[in-house]
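What follows is a single structure, written as structure tokens, with notes after it.
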Amino acid sequence: VTFIQYSGSYNNIFIFSNENNGNYLRNTNLFYNIKMKYCEFCNNGRLVISSCFPVNDKITGGLESFTDLDNTNFNFMCHTEFEGSIEYQFRYGFLIDEIYRIEDIFFDFTNESLWKIKTNNYQWFEIEPEYILSNEDNLIYYYQMPDTGPFITIEKIYKVLTVNENTKITSPYFIPHKSDDICLAVVANLCRETPFIDHLNITLENKSNQQFLLETIFFNELTTKVVQITSALHESLKGKVVKVVIEASYCIQIQRISSCNSKGDVISLNLEKQRAAFISTRINTSDEPAETIFNNGIKTNSENICPPGFSDYNCETACGRNSFGMKCEGKCSVYSYECKGLLLCVPQLGCQCAPGFFGETCEEECKVGSYGNGCNQVCGNCENNSSCDICTGYCETCVPGYYPPYCKDTYSVVLQPPIVRTPLYHEAIVTPLLENCKGKGSPNMFQIQYKESEQANNTWIQYTSHDIPIDTQLGLPHLHLDLFNDENPPKNDLSVVIKGLKSGILYDVRVVLFDSNFNSYQGEDVPYTRFLSRCTVPKEMDYNLTWESNTTSLSLFWDYQLSNLDWCGVKHYQVSRKENFKWIHQTVYDNTFTLHNLLPETNMEVKVRAYTSNGFAPYSSIRNVITKRRALGPVKALSSSYISNHIFINWEAPENVGDEIVNYHLSYQCRKRLGCSLNCGPNGKEELVTSSTEKTLFSLLPFTQYIISVSAEGGPKTNIIVGTKMSVPEEIVSFSKKPSVSTNNSITVYWEPVEICSGFFNSYLYQLYKVGDKERIIFEGHTRNAEITINDLMAKTDYLLYVFIETKAGWNKEKYLAINISTTSTVPEAVENLTVYKRGRNILGLRWGQPKKIYGTIKSFTIAYKYGKDKNIKSVDPTPCVAWPDMFCHTLENLSAHKKYTISVAARNTEVSADGTFASIIDITKEGTPGVPEDVKVINTTSVSFAITWKYPSFANGIIRSFLMNVEESEQFETEKCCQIYPLTETVVTEELENYSVEISGLHPASTYTVSLSAKTVSFGPSLTLTVNTRPPSFPIQHLPKVNVNTQQKWTWLPQQTLEKLNNRDVFLPLIKANILLVVLNSTTPGFDTGFEDSFIEGDLKTYIKNDFYLAAECLGTENTTVTIGTGDSIQTKWATLRNPNLIKDQVYKFAAVQISEYSGIYNLDIIFSTSFIAA
């Protein structure tokens, strides 16, 4: 029944069961469901659901529930109506002003529109109009009654079927109603609780016995599954005759089979009250297989009769060429044609050509692929499609997996697939069943192989191989599968655990047998078990369900994140939406779903759930979604203005908006750039949404025409054309392929112009800087050419040229091309301070400084000198003077005496092979009086000695032979001993040195001496005189202070140490000027502030003390002087800043008592140290 329209008067469909005197319409073991939907185009009316019962038995009946397409139960009117007899009416509810049509009626084992009905012999049969099907168990009637419409009587409907490993259900052949896909719905459950994950395979099979898997349904608990199977038909099946085959690996109860409608919707059943009856059968495995006779032999009661050329009990042995007979003892001929042309006869089989030949005269050899008597036998599976021996049928080699020599039988193959259990995640326990083997050979090893079932072109993975125990006989006792569980596994000790499996994946596993030569058959005939690896369907799931909409469509988006590796994978999704109080379901295979052709402001509820490899996951939470409202009219008074460098857009709301908040869509798109031919680029277009009626647009392209559009939500666009202002350029010129040119005083630089889009081009601005000095612009200017030449530059100098683009709007100091360029080198400038510093009869000593600008590194100096016509040039290395290290010296020798020479000196650098500018001087080869020694200093003064140092005179004017020093004592603190005269000291000069020195010893302490120093060439030069004072002598320290200090242990004064012999004469005591006490720290800190102002005294103290110190007290120089440490005093004294802070606990210190004596501004220090101590 595909369609019944109810309009006007009633058209009735009666469905009832008179089993057991016609009790309830809904039998607890039988399943009924009426599929119906709202009829949008029908007239007003209502649907009447009637219950039927015999009047005599007074047994009432009624429908327990009624289910619409969206799985929602709703109220209806129900009353009793049958052959005019009305017993009573029972009112459940009613439908008002709603029109429905019945699309299909479904019950047990039917497909679309009563497509098939299943009978006890496990075959489905077509039900034709006016057709009666009957057998001893069943009567099924189908009546067509023209007066009242379809009338169906069902005498008996079958109960639940059980499908196990030895049974299967097969439909008759049919052509699917739809040409592109097929839809089935199956209601099934496990027979009983089991530790195994069982599965139900549903396949389509064509008449060539090719099978195409529709679905594998997995069961791991005693729940009933209602599964919808929607599958696109394989190309080879479209419009072709097929049948449905249902098989189970363990034990499955099938309660209902039905087809789906064109939308893929399936009837949902309330199965909680169903009680299943069981039908279970097994294949008879005790029957012995029929004996096989080979090569067209026949079996008789006494013995088997073989055709000529074959022998053995079952005719399997071929005699070969030129032989025949029961034991192959006969020979056809002694000639080379052997059995060709012979006709051999055998009782009951008659006469036939000898093996390998056919034809009336038996002289034609068998064609490729045939052999035997009359060439009636077909060759086996010879490798590479080669033919077998025409006499014996033997193959040279077999296709892998086939047993030689005939290659017709495979090597041993198990007939039963292995048992698979999945008690743990990522593992499967595989138990091989080595019974009911077929094929040939003697296997002694088996191998477990597996692969993912649903991956295309997937190959078997060879997991592990094991020996078959010697005491194991192939053909084990039959295993009772219903007795196995994790506590009681199969007892053959051959189970293998496959590890590392993915969760929720369909796998195929099989057992392959090997013989001792590793021969095996691994073709399609090896049975396999398909199983679902253990996985978990999450009990809660966040799909992150979101949605988008416009006025006519609505799109849903969601995720199914496998956050747990044990979760089952997704096969597809079910999207449910509620329309007019009904839930409508749809299967999708992506993470998005879109509804089109909706009305504006349509509100509905939606939810989604995943269909995993182990059933449905929970629904998402219900979301309320709505399409957008109808579009408003256009905005009004759209205008633009400039604010700084931005565009301000404003408009008025459309008509009839009132106080409603409206979202406006504003877009702007670049149309053309007025200053260049470039396109608009990434900033050329943008869209935004605002609830305001004004907007400032930033980041627009300068000097560009835009079209700006504004529309209210869903309304038409209003456009204006706006042009942006010119701006300072953002463009930068490019480097030119033409190289820059430079000389020692000029540069020429090139660059590549670029298109300028920000405004009208005015010129290029250039600025030249010296590298390292960007604060000072050396040259600046403008040009419209893409090159510039700058002159009057310094040689061998690195420059940086900045090139800017300038438009009518100005130039951008941040956008420039920086070009590095250097001028070339040139000859050095003239040497500095050329001088003749010494003369002789035949020599002139030259001295000069390096040029101010060298333009590189000095390589050498060129010296040209001439007297009259005698001219000489020589090159000398840049050797510094010994006496003047920052100058260069060279002595010209072998000159003429008393002659005037003109001397020129020029520098040469490493960059240019030419001399620089010459500096010249004129001088005579005549020795003169030397100048005075320079930089004369007194050093290392003691009480009995001092040293004098000096430098070579700047102008020797001759060859200095020696320096003469005269020392005279002019004053002494002991006046009665004054004054002493010392002998003249001469320092012979053998070479020019930077410094000379002489030490004068044996002097008196606290005395004044006059020292004169002069140089000597051929004559004495002027002398330099200076006064030197010797230090006072070292005295014993007269009085040591008493020191009050808090320490952790005792300390004492150490003996006085001095570099000179102590002077105990009282005559020098008046020279003692002060006694001070220093605190010495156990540290040495660079830059430590001692507080002493006199650098002479501070320097001497640092030389003696070494560590950090500071002045703690200035003593009176008497025996009763007491000093307290840590008073905190801070006083400026004549010698230093007095500091007396508290000592730091646990730090190491010591004291230094210092006696200061002075003569004529020259000091002497006498020091006594204490032992070290730790402050308390």
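In UniProt numbering, the protein residues as written are 1 to 1176.
Even glycine gets a Cβ: it sits at the ideal position worked out from N, Cα and C.
As the structure is a computational prediction, the values presented were derived from the model and not from experiment.
So residue 1104 and residue 1091 are supposed to be a Cβ contact under 8 Å. How far apart are they, rounded? Position 1104 of the sequence shown, counted from the first residue, corresponds to residue 1104. Position 1091 of the sequence shown, counted from the first residue, corresponds to residue 1091. About 17 Å; that fails the 8 Å criterion.
Contact under 8 Å by Cβ, residue 379 with residue 396: Within the sequence shown, residue 379 is the residue found at index 379, counting from 1. Within the sequence shown, residue 396 is the residue found at index 396, counting from 1. Against a cut-off of 8 Å, the Cβ pair of residue 396 and residue 379 comes out as no contact.
Alpha helix (DSSP H) segment containing residue 393, residue limits: For the purposes of this step, residue 393 is taken as residue 393 along the sequence shown, with counting starting at 1. Residue 393 -> no alpha helix (DSSP H), and no H or E assigned at all.
Over what stretch of residues does the beta strand (DSSP E) that includes residue 343 continue unbroken? Working through the sequence shown from its first residue, we reach residue 343 at position 343. Element bounds for residue 343: 343-346.
Using 8 Å as the threshold, is the C-beta distance between residue 675 and residue 763 below it? Here the question's residue 675 lines up with position 675 in the sequence shown. Here the question's residue 763 lines up with position 763 in the sequence shown. No. Outside cutoff.
Residue 270, buried or exposed, once every other Cβ within 10 Å from all chains shown has been counted against 16: Position 270 of the sequence shown, counting from 1, holds the residue named residue 270. Note that residue 270 has pLDDT 28, beneath the 50 cutoff, so the model's placement of it is unreliable and no number is given.
Between the alpha carbons of residue 550 and residue 459, how many angstroms are there, rounded? Numbered from 1 along the sequence shown, position 550 holds the residue referred to as residue 550. Numbered from 1 along the sequence shown, position 459 holds the residue referred to as residue 459. Straight-line Cα distance between these residues: approximately 48 Å.
Take residue 886 and list the residues in its own chain whose beta-carbon comes closer than 8 Å to its own, dropping the five residues that flank it on each side. On the sequence shown, residue 886 is found 886 positions in, with the first residue counted as 1. Contacts found: 849, 880.
Mapping the DSSP letters down to three states, classify residue 816 as helix, strand or coil. Start at 1 with the first residue of the sequence shown, and residue 816 comes out as number 816. Residue 816: coil per DSSP, three-state reduction.
Identity of the residue in 1054, 1013, 939, 714 nearest residue 635 by Cα: Position 635 of the sequence shown, counted from the first residue, corresponds to residue 635. Per the Cα distances, 714.
On the premise that residue 528 lies in contact with residue 401, defined as a C-beta separation below 8 Å, what is that separation, rounded to the nearest angstrom? Along the sequence shown, one-based indexing puts residue 401 at 401. Along the sequence shown, one-based indexing puts residue 528 at 528. Their Cβ separation, rounded to whole angstroms, is 15 Å, which puts residue 401 and residue 528 out of contact at 8 Å.
Kindly indicate which three-state DSSP category residue 79 falls into: helix, strand or coil? What you label residue 79 is simply residue 79 of the sequence shown in a count that begins at 1. At residue 79, the pLDDT of 30 sits below 50, so the modelled position is not reliable; the number obtained from the coordinates is stated separately. Looking at residue 79 - three-state DSSP - the assignment turns out to be strand.
Member of 808, 960, 424 whose CA lies at the smallest distance from the CA of residue 1015: Translated into the one-based positions of the sequence shown, residue 1015 becomes position 1015. With distances taken between Cα atoms, residue 1015 lies closest to 960.
As an exercise, report each continuous beta strand (DSSP E) stretch of at least 3 residues that is fully enclosed by the UniProt domain "Fibronectin type-III" (932-1033), in chain order. 934-939, 946-951, 962-972, 985-988, 996-1000, 1007-1016, 1024-1029
State yes or no: is the C-beta of residue 819 within less than 8 Å of the C-beta of residue 746? Translated into positions along the sequence shown, residue 819 becomes position 819. Translated into positions along the sequence shown, residue 746 becomes position 746. Cβ distance not < 8 Å, so residue 819 and residue 746 don't count as in contact.
Where does residue 1096 fall in DSSP's three states? Looking up residue 1096 in the sequence shown gives position 1096. Of the three classes helix, strand and coil, the one that applies to residue 1096 here is helix, per DSSP.
In angstroms, rounded to a whole number, what distance separates the CA positions of residue 1027 and residue 971? Walking along the sequence shown from the start, residue 1027 turns up at place 1027. Walking along the sequence shown from the start, residue 971 turns up at place 971. Approximately 11 Å between the Cα atoms of the pair.
Between residue 218 and residue 613, is the Cβ-Cβ spacing less than 8 Å? For the purposes of this step, residue 218 is identified with residue 218 of the sequence shown, where counting begins at 1. For the purposes of this step, residue 613 is identified with residue 613 of the sequence shown, where counting begins at 1. For residue 218 and residue 613, yes; Cβs fall inside 8 Å.
Nonlocal neighbours in the same chain, by C-beta distance under 8 Å from residue 444, ignoring five residues either side: The count along the sequence shown starts at 1 and reaches residue 444 at position 444. 467, 468, 514, 515, 516, listed in sequence order.
Smallest Cα separation from residue 932: which of 368, 320, 950? Position 932 of the sequence shown, counted from the first residue, corresponds to residue 932. Cα-wise, what sits closest to residue 932 is 950.
Can residue 1158 and residue 1024 be called in contact, C-beta distance under 8 Å? The residue given as residue 1158 occupies position 1158 in the sequence shown. The residue given as residue 1024 occupies position 1024 in the sequence shown. No. Outside cutoff.
In whole angstroms, what separates the C-alpha of residue 673 from that of residue 699? As a first step, residue 673 is located in the sequence shown; it is residue number 673 there, counting from the start. As a first step, residue 699 is located in the sequence shown; it is residue number 699 there, counting from the start. C-alpha separation (whole angstroms): 15 Å.
What residues match up with residue 583 in a beta bridge as DSSP calls it? Taking the first residue of the sequence shown as position 1, residue 583 is located at position 583. Beta-bridge pairing links residue 583 to 578.
Do three or more CB pairs link the region 1029-1045 to the region 938-956 at distances below 8 Å? yes
Sequence-distant residues of its chain with Cβ nearer than 6 Å to residue 903 (five each side left out): Position 903 of the sequence shown holds residue 903. The answer, listed in chain order, is 865, 921.
With a threshold of 16 other CB atoms inside 10 Å of the CB of residue 533, please say whether the residue is buried or exposed. What you label residue 533 is simply residue 533 of the sequence shown in a count that begins at 1. It is buried - the Cβ of residue 533 has at least 16 other Cβ atoms within 10 Å.
What does the Cβ neighbour count give for residue 272, buried or exposed, with the cut at 16 atoms within 10 Å? On the sequence shown, position 272 is the one that residue 272 refers to. Caution applies to residue 272, whose pLDDT of 27 falls short of 50 and renders its modelled position unreliable; the value that the coordinates give is listed next. By the 10 Å Cβ count, residue 272 comes out exposed.
Between residue 589 and the rest of its own chain, which residues show a CB-CB distance below 8 Å, the 5 nearest in sequence each way excluded? The residue given as residue 589 occupies position 589 in the sequence shown. For residue 589, where only same-chain residues beyond five positions count, the Cβ hits under 8 Å are 572, 573.
Under the DSSP definition of a beta bridge, which residues are partnered with residue 352? Counted from its first residue, the sequence shown places residue 352 at position 352. Its beta-bridge partners are 344.
Mark residue 398 as exposed unless 16 or more other C-beta atoms lie within 10 angstroms of its C-beta, in which case mark it buried. Translated into the one-based positions of the sequence shown, residue 398 becomes position 398. Result: buried.
Beta carbon of residue 851, beta carbon of residue 772: below 8 Å? In the sequence shown, counting from the first residue as 1, residue 851 sits at position 851. In the sequence shown, counting from the first residue as 1, residue 772 sits at position 772. Going by C-beta atoms, residue 851 is not nearer than 8 Å to residue 772.
My output table needs one value for residue 432: the three-state DSSP class, helix, strand or coil. Translated into the one-based positions of the sequence shown, residue 432 becomes position 432. Here residue 432 sits in coil by DSSP.
Inter-residue spacing [alpha-carbon to alpha-carbon] between residue 409 and residue 449: Here residue 409 is taken as the residue at index 409 of the sequence shown, counted from 1. Here residue 449 is taken as the residue at index 449 of the sequence shown, counted from 1. Going by the C-alpha atoms only, they are around 22 Å apart.
Take residue 765 and list the residues in its own chain whose beta-carbon comes closer than 7 Å to its own, dropping the five residues that flank it on each side. Here residue 765 refers to the residue found at position 765 of the sequence shown. Result list for residue 765: 782, 804, 806, 811, in chain order.
Can you find the residues in the same chain that come closer than 7 Å, C-beta to C-beta, to residue 1018, ignoring five residues on each side of it along the sequence? Locating residue 1018 in the sequence shown gives position 1018, where the first residue counts as 1. Taken in chain order, the residues that qualify are 927, 958.
Just checking my contact of residue 1175 with residue 1143 at CB under 8 Å: how many whole Å lie between their CB atoms? Taking the first residue of the sequence shown as position 1, residue 1175 is located at position 1175. Taking the first residue of the sequence shown as position 1, residue 1143 is located at position 1143. Yes, they are in contact, since the Cβ atoms of residue 1175 and residue 1143 sit about 4 Å apart, within 8 Å.
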